[in-house]
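A.B. asks:
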Amino acid sequence: MSNQVVKYPYLISKYLDPVFGVAVGALSFYSYEQRVGREDGHTLKALLFRKFGIESAAPEAVAEASNQEQQQPSSTSK
């Protein structure tokens, strides 16, 4: 009886393993952020939207823009 250990070099495949690893890492960090919470504009989702220039789809960017509008005094009231 031989006690050979079968070594599998890849979990899925040579090229899908890195993609799988990045996807698992990103999803686990995203779920961590959802549990712990972050300030508006400092989440992974907001960072990715800023990085790739997608501003209109980010809810945090919309919330920040509406907050800035509320803080500015309106020119019609005297």
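Everything in the sequence shown is counted per numbering that gives the first Met the number 0, starting at 0 for the first residue and increasing by one.
Note that beta-carbon positions come from the ideal geometry of N, C-alpha and C, so glycine has one too.
The structure displayed is predicted, hence computed values, not measured ones.
Mind checking whether L10 and A25 have CB atoms under 9 Å apart?
C.D. replies: Taking the sequence shown and counting its residues from 1, one reaches residue 10 at position 11. Taking the sequence shown and counting its residues from 1, one reaches residue 25 at position 26. Contact: no.
A.B. asks: DSSP three-state label for V21, please.
C.D. replies: To locate residue 21, count along the sequence shown from 1; it is residue 22. Residue state, collapsed to three classes: helix.
A.B. asks: Drop a sphere of 10 angstroms on the beta-carbon of A45, count the other beta-carbons inside from all chains shown, and report buried for 16 or more, exposed for fewer.
C.D. replies: As a position in the sequence shown, residue 45 is number 46, starting the count at 1. Per the 10 Å Cβ criterion, buried.
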